[in-house]
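Residue numbers (this note's numbering): 6 to 315.
Built from N, CA and C at the ideal position, the CB exists for glycine as well.
All values derive from a computational prediction rather than experimental measurement.
Encoded as structure tokens, the structure appears first; notes follow it.
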């Protein structure tokens, strides 16, 4: 088995059927699909079981464990050489796995592979943008994760494929992190490996621009990045990447009235790593920010649409 597609699910009844079907529609068919349901309370299970294909392997947690633990269970059940990540509400275009295979052949020494994505919201579909310079115009590139992810993250949970052996090297998802486990994983991947990347959009990410106000509302449940501070001194790309994360978390902390937590993040930021608009935002109060973030366009203009930082 070449690819193990792992999907963690929690209450995705309106999406999961289309998500799995997008895998079944791949032009490259050498895969298994591992779906782990984290005790969904909607009809996700019915939607999954309605799809009849022997390659779909469905498991359900005995109790709700959270995204990190659920993804780790999926990893433990996978048998493929390569682990292909996919969220339960995103889609792959039919050429996704074949494009990943091209990257594998072009960069035989690489172990982490990803493609560009399209982002869909209520305004329509747009292409994601990144901070690397493609001077050669080549579609297939070997990139540093951090310096390529200042605008939007190069890696996402629906456009990344990882050689199975890498998890033995860097570890699995940190299940102790309630929200943002993927960002923590991307950092460890970026420290250990270059990314083989295709500029061809091969996946569609469902972007919820107002997610700032939904779900978990405490930065205490998100990564603090303390364990990566020793690496910052020798890796300016990592330092800027983490400062952009800290900026995002500081803003959220202010909005959620966690002012002490906000100040902790601000104290760690080198302001030279922020643009002028972002610096001005940091000076605003929580009440001012709540008004400001009522509109999606302002949210995006200051650099808070980055999926790695949300």
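query, result
"Nearest to residue 289 (by Cα), restricted to the options 232, 275 and 262", "262"
"Where residue 62 sits in the DSSP three-state scheme", "strand"
"Given residue 352 as reference, the closest of 40, 147, 281 and 256 once Cα atoms are compared", "This structure cannot settle anything about residue 352, because the visible part of the chain is limited to 6 through 315."
"Alpha-carbon spacing of residue 258 relative to residue 184, whole angstroms", "14 Å"
"C-beta contact flag for residue 224 and residue 266 at 7 Å", "yes"
"CB of residue 118 within 7 Å of CB of residue 171, strictly", "no"
"Unbroken alpha helix (DSSP H) run spanning residue 206, endpoints", "Looking at the DSSP string, residue 206 is not in any alpha helix (DSSP H); the run it does join, the beta strand (DSSP E), is 200-211."
"Contact set for residue 152: own chain, Cβ-Cβ below 6 Å, skip 5 residues either direction", "242"
"C-alpha gap between residue 136 and residue 159, whole angstroms", "9 Å"
"Bridge partners - residue 110, DSSP secondary structure assignment", "Paired residues: none, contrary to the question."
"C-beta atoms of residue 11 and residue 93 nearer than 7 Å", "no"
"Identity of the residue in 150, 29, 24 and 157 nearest residue 209 by Cα", "24"
"Whole-number beta carbon distance between residue 87 and residue 8, since they are thought to touch under 8 Å", "5 Å"
"Separation of residue 195 from residue 31, as counted between CA atoms", "28 Å"
"Under the three-state DSSP convention, the category residue 87 falls into", "strand"
"CB-CB length for residue 182 against residue 73, believed under 8 Å", "6 Å"
"Buried versus exposed, by CB contacts within 10 Å (16 or more), residue 283", "buried"
"Where residue 103 sits in the DSSP three-state scheme", "helix"
"Element boundaries [beta strand (DSSP E), containing residue 190]", "First-last for residue 190: 186-197, but that is the alpha helix (DSSP H), not the beta strand (DSSP E)."
"Residue 198 classed as buried or exposed, judged by whether at least 16 other C-beta atoms fall within 10 angstroms", "buried"
"Buried versus exposed, by CB contacts within 10 Å (16 or more), residue 67", "exposed"
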